[in-house]
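Student: Pasting in a structure now, in structure tokens, and then I'll have a few things to ask.
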Amino acid sequence: MAEAFYRSLGDGRYDSGPATAGPWSPKTQHAGPPSALLGRALQSFGGRTDLRVARVTVEIPKPVPVGEVQVEVRALRSGARTDLLDAQLLADGEPVMLARAWRMSPSPDGTPELRAEPPPPALPGPQPPHGMSGAYVDGYLSAIEWRFLDGGGFDSRGPGAAWARQRIPLVDGEEDTPLSRVLTVADASWAVGFELDLTRQFAINTDVTVALHRQPVGEWFCMRTATTASPDGSGLAVGQLSDAHGDCGRIIQTLFIADR
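Numbering-wise (our numbering), the sequence shown opens with residue 169 and increments by one.
Set out below in structure tokens:
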């Protein structure tokens, strides 16, 4: 097992380790770790501790190669209580992943809790490693611990639910944050609850949005996901995100679907 997904090279540059490799090829990254790398930079930008990331959207215009990458962040709008940030991940000088985030000051203590959700299902006990038919499993899939509910798995069809956590840190020698942990696993949400027959059709997400109504805590996160698709349209995966204390947000992904 690798020691971390990335090793910092300084000045926003990172060396991608083999654990970042996605299920389609050992040469390209799963979108989870680079999403988390961007989210980590967005969260800490400007050194402000009074604002929290309320929503981040990651766009995936190209495959992210396993190798050296560069993170850049800039402010699009800066305010006393909110700001809008833009980030990009570059490989060989070309943007391969984009992200935008709203950071906001926390809501007042007297804000009522609206539409309280029931608690998530209990974390199951340890399970054998979960793979995926035809997938490369020695990278990202093995670097995350998956615990599916009700005997499910990546090859199961239908709405699904799974708890997940990182087995290794995002950046070698640096402490992870709950936000970076969420983003590391959030890109896999659609695969937890995919409902089409992947032997007949191909699907891949072009983006991932994580919207939080409170800050996540801990290292284990539960995703309960269902997929919607239409002829002459596209796919949409919506996942409920929970931590050990309950519901904390939603994960939304657009899916490109084509016949094999």
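We treat Cβ as the ideally placed atom computed from N, Cα and C, and that holds for glycine.
(1) Between which residues of its own chain and G235 is the CB-CB distance below 7 Å, once the five residues before and five after are set aside?
(2) With distances taken from CA atoms, which of V241, R208, W388 is nearest W314?
(3) To the nearest angstrom, how far is it from the Cα of R382 to the Cα of E262?
(4) If we call anything under 8 Å between Cβ atoms a contact, is A510 one with L380?
(5) Quick one: give me the first and last residue of the alpha helix (DSSP H) that S193 is part of.
(6) Could you check what DSSP says for T345 in three-state terms: helix, strand or coil?
(7) Can you list, in chain order, the residues of its chain with a C-beta nearer than 7 Å to that of R220? Leave out the 5 residues immediately preceding and following it.
(8) Please classify F348 as buried or exposed, where buried requires at least 16 other C-beta atoms within 10 Å of its C-beta.
(9) Among residues of its own chain, excluding the 5 on either side of A303, which ones have a beta-carbon nearer than 6 Å to its beta-carbon?
(10) Taking the alpha-carbon positions, what's the E285 to S410 distance?
(11) Given 8 Å as the limit, is there contact between the stretch 229 to 245 and the stretch 188 to 204, that is, 3 or more CB pairs closer than that?
(12) Taking Cβ to Cβ, would you say V376 is nearer than 8 Å to D344?
(13) Which whole runs of the beta strand (DSSP E) in the stretch 250 to 282 are 3 residues long or more, in chain order?
(14) Under the assumption that W368 contacts D427 (Cβ atoms under 8 Å), give the Cβ distance between them as a whole number of angstroms.
(15) Could you give the residue range of the beta strand (DSSP E) that holds R208?
(16) Out of curiosity, what's the CA-to-CA distance linking V332 and T352?
(17) With DSSP as the reference, label A330 as helix, strand or coil.
(18) According to DSSP, simplified to helix, strand and coil, what is V234?
(19) Counting only runs that start and end within the stretch 380 to 417, where is the beta strand (DSSP E) found for 3 or more residues in a row?
(20) My output table needs one value for A371: the three-state DSSP class, helix, strand or coil.
(21) Out of G307, E171, S402, T393, state which residue places its alpha-carbon closest to the alpha-carbon of P288.
(22) Is the beta carbon of L309 closer than 8 Å to that of P201?
(23) Rounded to whole angstroms, what is the Cα-Cα separation between G341 and E171?
Tutor: Per the coordinate set shown:
(1) Here the set comprises S184, A259.
(2) Closest option to W314, Cα to Cα, is W388.
(3) Between R382 and E262, the C-alpha separation is close to 34 Å.
(4) Only positions 169 to 428 of the chain appear in the structure, and residue 510 is not among them; the question remains open.
(5) Neither: S193 is in no alpha helix (DSSP H) and is coded neither H nor E.
(6) In the structure shown, T345 sits in coil (DSSP, three-state: anything other than H, G, I, E or B).
(7) Within the same chain, R220 has close Cβ partners R271, M272, P274, Q383.
(8) For the record, residue 348 in the displayed sequence is Ser; it is not Phe. Burial call: buried.
(9) P191.
(10) Distance between the alpha carbons of E285 and S410: 10 Å.
(11) In the pairwise beta carbon analysis, the stretch 229 to 245 is classified as touching the stretch 188 to 204: at least three pairs are separated by under 8 Å.
(12) Not in contact: V376 and D344 (Cβ atoms no closer than 8 Å).
(13) Segments of the beta strand (DSSP E) lying fully in the stretch 250 to 282: 250 to 259, 262 to 272.
(14) The sequence shown places Arg at residue 368, not Trp. Yes, R368 and D427 are in contact; Cβ-Cβ is about 7 Å, under 8 Å.
(15) Looking at the DSSP string, R208 is not in any beta strand (DSSP E); the run it does join, the alpha helix (DSSP H), is 200 to 212.
(16) A quick correction: the sequence has Ala, not Val, at residue 332. About 10 Å.
(17) Secondary structure at A330: strand, using DSSP grouped into helix, strand and coil.
(18) In the structure shown, V234 falls within a coil segment according to DSSP collapsed to helix, strand and coil.
(19) Listed in chain order, they are 389 to 397, 403 to 411.
(20) Secondary structure at A371: strand, using DSSP grouped into helix, strand and coil.
(21) Nearest neighbour of P288 by Cα position, chosen from G307, E171, S402, T393, turns out to be T393.
(22) Taking 8 Å as the Cβ cut-off, P201 and L309 do not qualify as a contacting pair.
(23) Each residue's alpha carbon lies about 9 Å from the other.
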